[in-house]
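Here the structure comes first, spelled out in structure tokens, and everything after it is commentary.
There are 2 protein chains.
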Amino acid sequence: MSKPVTRREFISLMGATGGTAAALQVGTALGLLPGGAQAASPELLALGSNRRRVAILGGGLSGLTVAHELSKSGYDCTVLEASHRCGGRIFTVRAGTLIDEIGNRQYCEFDDEPHMYFNAGAARIPTTHHNLLNYCKELGVELEVFVGENNNAFLQDDAMMGGKPIRANDYKTNMRGFLSEMLAKSLTQEEMDEPFTEEEAENLLGLIRSFGDLNEDLVYSGSTRTGYASGGFLTHGVQRDMMAFRDLLKTRMGRQILSGYEGDYGPSLLQPVGGMDQIIAGFLRQVGDRVRYRAMVAAVQVKDDGVEIAYDQDGVRHQLEVDYCFNCIPTHLMAGIDHNFPSDYSKALKYVRRGEAYKAAFQAKERFWEKLHIFGGITSTNTPSRAIWYPPHGIHKAKGVILGAYDYGGGMYHTKMSQSERIEAHLSDGEKVHPEYRSLVEKPITIAWHRMNHMLGCSARWRRSFREWTGEEEAMYHTLQGPVNGRHYMIGDQISMHSAWQESAILSAHYALSDLDQRVRAELA
Amino acid sequence: MSKPVTRREFISLMGATGGTAAALQVGTALGLLPGGAQAASPELLALGSNRRRVAILGGGLSGLTVAHELSKSGYDCTVLEASHRCGGRIFTVRAGTLIDEIGNRQYCEFDDEPHMYFNAGAARIPTTHHNLLNYCKELGVELEVFVGENNNAFLQDDAMMGGKPIRANDYKTNMRGFLSEMLAKSLTQEEMDEPFTEEEAENLLGLIRSFGDLNEDLVYSGSTRTGYASGGFLTHGVQRDMMAFRDLLKTRMGRQILSGYEGDYGPSLLQPVGGMDQIIAGFLRQVGDRVRYRAMVAAVQVKDDGVEIAYDQDGVRHQLEVDYCFNCIPTHLMAGIDHNFPSDYSKALKYVRRGEAYKAAFQAKERFWEKLHIFGGITSTNTPSRAIWYPPHGIHKAKGVILGAYDYGGGMYHTKMSQSERIEAHLSDGEKVHPEYRSLVEKPITIAWHRMNHMLGCSARWRRSFREWTGEEEAMYHTLQGPVNGRHYMIGDQISMHSAWQESAILSAHYALSDLDQRVRAELA
Chain A
1 MSKPVTRREF ISLMGATGGT AAALQVGTAL GLLPGGAQAA SPELLALGSN RRRVAILGGG
61 LSGLTVAHEL SKSGYDCTVL EASHRCGGRI FTVRAGTLID EIGNRQYCEF DDEPHMYFNA
121 GAARIPTTHH NLLNYCKELG VELEVFVGEN NNAFLQDDAM MGGKPIRAND YKTNMRGFLS
181 EMLAKSLTQE EMDEPFTEEE AENLLGLIRS FGDLNEDLVY SGSTRTGYAS GGFLTHGVQR
241 DMMAFRDLLK TRMGRQILSG YEGDYGPSLL QPVGGMDQII AGFLRQVGDR VRYRAMVAAV
301 QVKDDGVEIA YDQDGVRHQL EVDYCFNCIP THLMAGIDHN FPSDYSKALK YVRRGEAYKA
361 AFQAKERFWE KLHIFGGITS TNTPSRAIWY PPHGIHKAKG VILGAYDYGG GMYHTKMSQS
421 ERIEAHLSDG EKVHPEYRSL VEKPITIAWH RMNHMLGCSA RWRRSFREWT GEEEAMYHTL
481 QGPVNGRHYM IGDQISMHSA WQESAILSAH YALSDLDQRV RAELA
Chain B
1001 MSKPVTRREF ISLMGATGGT AAALQVGTAL GLLPGGAQAA SPELLALGSN RRRVAILGGG
1061 LSGLTVAHEL SKSGYDCTVL EASHRCGGRI FTVRAGTLID EIGNRQYCEF DDEPHMYFNA
1121 GAARIPTTHH NLLNYCKELG VELEVFVGEN NNAFLQDDAM MGGKPIRAND YKTNMRGFLS
1181 EMLAKSLTQE EMDEPFTEEE AENLLGLIRS FGDLNEDLVY SGSTRTGYAS GGFLTHGVQR
1241 DMMAFRDLLK TRMGRQILSG YEGDYGPSLL QPVGGMDQII AGFLRQVGDR VRYRAMVAAV
1301 QVKDDGVEIA YDQDGVRHQL EVDYCFNCIP THLMAGIDHN FPSDYSKALK YVRRGEAYKA
1361 AFQAKERFWE KLHIFGGITS TNTPSRAIWY PPHGIHKAKG VILGAYDYGG GMYHTKMSQS
1421 ERIEAHLSDG EKVHPEYRSL VEKPITIAWH RMNHMLGCSA RWRRSFREWT GEEEAMYHTL
1481 QGPVNGRHYM IGDQISMHSA WQESAILSAH YALSDLDQRV RAELA
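Structure below.
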């Protein structure tokens, strides 16, 4: 054990927040909850007898949003999708799905049942993401509740309790108790900054007591909120021993339990019934006939009066001349495609880095988590696999699909492994939480977004530093957000300040559509 | 405003916990989470060619559990149900349902659609209630996720912010911030009880900072966890102003936001698809042919070799002679039925009081809460109506059914009103949260459990004092838990220490079945 910290040293540590709290923040970038403007589909001018041709490069969510909205207003849209499917990082894996990782193509072998799927990309919908929710409603995408926080799921860290998994509830309840006790003590032992009225003091104390489940002496001595050691229904409940504060301080993962389910990750959350790609299916019911698959863009030339696109499909070079072009090709791939963009635009395209997220999933031969009273939610572990997600749907059915790894903070660790090494890593990590894991799961799949064909990366990373955008970044962002020559628009969650969310992809599309609409209205006026 | 509290007075207040914290606890009896023994159906001896007749008085969940288990083992069961339906306080109201309140019979006029129902009694399943979940699995009752805590739901208290509803998230995030700041300050300003190591101190400080979203100076200055004032997706998010600590202290309802979703109410929670009474329907698929409806028990005579029961059905007196009797008639009603129970048994029956819970519901003409980004969950108000629950199912459909009142701490306030007074009260209370409430809801129903025919009360209340069972209560409880003469068993959640939960009803049945089984095994040995 390290040396004890003196009073003075502790205060000094508190000042050194760059080194302490900042370090603790790495890896769990807490989702922010953007502002609450009401959702509204863009009100585009209907073209009537006028004709406008539009090319949409990439069939991701932003591209399909543009295709859908423009088609409604009479635009003649063509979507060029490089791969065999639309959706981009909205990707649901089920029986027969091709996972087109370069050098590691996989076909999913899950049982062919509606609840046996895995959302390998976007996997939860915050209820504040109302533009996305509006499209779900408009397109008939059925929604159900997703479980984020689950008190019965586990927290596992080799540094704590000898690596034994404990219930999230155990960590949460005990830590709340200790924090509350410290707080109550501080109030009794020193002058408060400002005087409270009697009512305020009573209320505050009651709140602190109930928050931590303190006893009458304002001491935390365990809580029945984590369940009883025995009894509780037919006999008196016997309280479980409280955990030791010092034991709980061994893990650095407390933040994930105490603060990980706020903001975008707070209740309630939703998911489409049957898989996130039901959203893509909804768009394709509207504009599926506009999509050309396996159509890889080779060149984009912006002219004064339109845009010329060259693309290869099944070995044949095609040309497409349009009035406008919307482009959700990942910036770092677009940077390598022939184009005549201005140099600042080109520079910005090259600047954006990509997240390295990695996911893996297993088919479980039985729903073993339900025997542990876990129905949905997330187990957090300090292994490289980081998490196990249990499905909130298909309750009590024979089998289920679980997430076996979600490495969102530096996914190259697993990406660099062979498929068999990856699987062994997740089995081994999973055994720390569920001892029989290895025998309970089968038919693994892995998704390394950095090697996925036509993607080669996950969500955009604009900022080089953790905290603030630099002026240079800001300028490049606004360059890409605006059109080239009023004819070519970059779109996608990559052109947002909140990447990796479907809502951002939609809003980037709406932003571009609104700009286009103004130009068209001016032309036709 | 009241006079400021001096340091000494504050400390003295802290000691007077009987008056402060206890007062704050009234009204929100925090659910406890009973112990985690694995669920197991009772292993009853199969009777084979032996015959045993059993009467089950009352078709509530405990009675049906007994009927189901005994039927599987070859017992000849008869269920006498006083009303027109089984289920007792598992009661789902939908189009056409009769709400048989004495003096206020209502027929529900909700639209006739699968998602348009209201669980007027039991309404959520904690995932630790594994005996109940096991029956759901065995009986093919489909389950889905229920939403308890919802950050987007409201908190409304006339005492706070001039009665303006605020989002639960606003209260939670801001209060966590202030509490954390106080805690962090206390750590910097005074000697700690025990020395922390450098690692521990770092970790603890990081945890406190992240818990409250404190800034680098360990000060709470607002948080983006409640969403931005503007922007966040395409432009930088502008942080909302933080609320004033003093304003948040105006409400005494903080406990419901900060601590109300722990224990039995913590995530994840479940509900049956289509209504809680699908559980009853599941049992009736097994033993529905054993039920005699409108069969009101008139007398129970326990003999040495069996039990004689008299009951009235459609104006005719019937006799039923059985070997064993299981009785889930509410204790206070059973006390008034002719019987020959021992005097201590009779005394105990009369001792148990009944909760006074009251619920009301409306059909909403549109799902107005979804426009406010609320999908499931609970709004808390300091009005007598107390709560609005939004359905977690039927998302994006045209209409929905919402709970408009749940008065669980003293439901006689509404019970004593006329139906039109009740409705007006809930409309008026609801308008404090949703200004257009009155025009958005229709087809009200109310359920005053104290006046429901054949029930006349809600869950059992054993304890006269809030905290501890007295020795006398304990003795009476054990009297009722045991059989009379080895022939007659009281069952139901009323014979548990955790009343008002379905799990308790099932466990009371299992307890009695296990006792019976031992006796039968001895007889047949």
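If you're matching them up, the sequences are chains A and B in order.
Mind the numbering: the first sequence is residues 1 to 525 in the numbering used here, read in order.
Mind the numbering: the second sequence is residues 1001 to 1525 in the numbering used here, read in order.
Here a beta-carbon is modelled for each residue, glycine too, at the ideal position from N, C-alpha and C.
- A direct Cα-Cα distance of roughly 15 Å separates residue 320 of chain A from residue 338 of chain A.
- Going by beta carbons, residue 225 of chain A and residue 173 of chain A fall inside the 8 Å limit.
- The alpha-carbon of residue 301 of chain A is positioned some 21 Å away from that of residue 476 of chain A.
- Chain A places no beta carbon closer than 8 Å to that of residue 1385 of chain B, leaving this residue out of the contacts.
- Looking at the DSSP output, residue 311 of chain A shares a beta bridge with A:297, A:318.
- In the DSSP assignment, residue 1327 of chain B falls within the beta strand (DSSP E) that extends over 1324 to 1327.
- Proximity of residue 1136 of chain B to chain A, defined by a Cβ-Cβ separation below 8 Å, is satisfied.
- Shown here, residue 1138 of chain B sits in a helix according to DSSP, grouped into three states.
- In the structure shown, the three-state DSSP call for residue 1366 of chain B is coil.
- For residue 257 of chain A, the closest of B:1497, B:1208, B:1288 by C-alpha to C-alpha distance is B:1208.
- Scanning the segment 1162 to 1246 of chain B from its first residue to its last, the whole beta strand (DSSP E) runs of 3-plus residues come out as 1228 to 1230.
- Nearest Cα to residue 1392 of chain B within the set A:51, A:127, A:328: A:127.
- Per the coordinates, the alpha-carbon of residue 125 of chain A lies some 26 Å from the alpha-carbon of residue 156 of chain A.
- DSSP places residue 519 of chain A in the uninterrupted alpha helix (DSSP H) bounded by 502 to 524.
- Taking the Cα of residue 1452 of chain B as reference, the smallest distance to any Cα among B:1106, B:1048, B:1052, B:1073 is reached at B:1106.
- Think of a sphere of 7 Å around the beta carbon of residue 252 of chain A: the chain B residues whose beta carbon falls inside it are 1203, in chain order.
- With a cutoff of 8 Å on beta-carbon distance, residue 56 of chain A and residue 63 of chain A are scored as near each other.
- Per the coordinates, the alpha-carbon of residue 1199 of chain B lies some 42 Å from the alpha-carbon of residue 1468 of chain B.
- Only exposed fits residue 217 of chain A, as fewer than 16 other CB atoms lie within 10 angstroms of its CB.
- Interface flag for residue 113 of chain A against chain B is unset, since no Cβ pair is found closer than 8 Å.
- Distance from the Cα of residue 102 of chain A is smallest, within the candidate group A:481, A:447, A:66, for A:447.
- In terms of Cβ geometry, residue 254 of chain A and residue 334 of chain A do not form a close pair [threshold 8 Å].
- The DSSP assignment places 1412 to 1415, 1419 to 1431, 1437 to 1440 as complete runs of the alpha helix (DSSP H) inside the segment 1378 to 1459 of chain B, in order along the chain (cut-off: 4 residues).
- Going by C-alpha positions, residue 1484 of chain B is about 8 Å away from residue 1342 of chain B.
- Excluding sequence positions up to five before and after residue 312 of chain A, its CB lies within less than 6 Å of the CB of 296, 298, all in the same chain and listed in chain order.
- Proximity to residue 441 of chain A across A:457, A:423, A:358 peaks at A:423, based on C-alpha coordinates.
- Between the alpha carbons of residue 1206 of chain B and residue 180 of chain A lies a distance of about 16 Å.
- For the segment 1053 to 1073 of chain B, the set of residues with a beta-carbon nearer than 8 Å to any beta-carbon of chain A is empty.
- With contact defined as three or more Cβ pairs closer than 8 Å, the segment 1360 to 1367 of chain B and the segment 1488 to 1502 of chain B are not in contact.
- Shown in chain order are the members of the segment 1257 to 1283 of chain B whose Cβ falls below 7 Å from a Cβ of chain A: 1258, 1259, 1262, 1263, 1266, 1267, 1268, 1270.
- Within the segment 390 to 419 of chain A, contact with chain B at the beta-carbon level (separation under 7 Å) is assigned to 392, 395, 396.
- For residue 206 of chain A, the nearest beta carbon of chain B is closer than 8 Å to its own beta carbon.
- Per the coordinates, the alpha-carbon of residue 1269 of chain B lies some 17 Å from the alpha-carbon of residue 143 of chain A.
- With respect to chain B, the C-beta atom of residue 243 of chain A has no partner C-beta closer than 8 Å.
- Contact annotation: residue 1073 of chain B and residue 1290 of chain B have beta-carbon atoms that are not nearer than 8 Å.
- The Cβ-Cβ distance between residue 377 of chain A and residue 358 of chain A does not fall below 8 Å.
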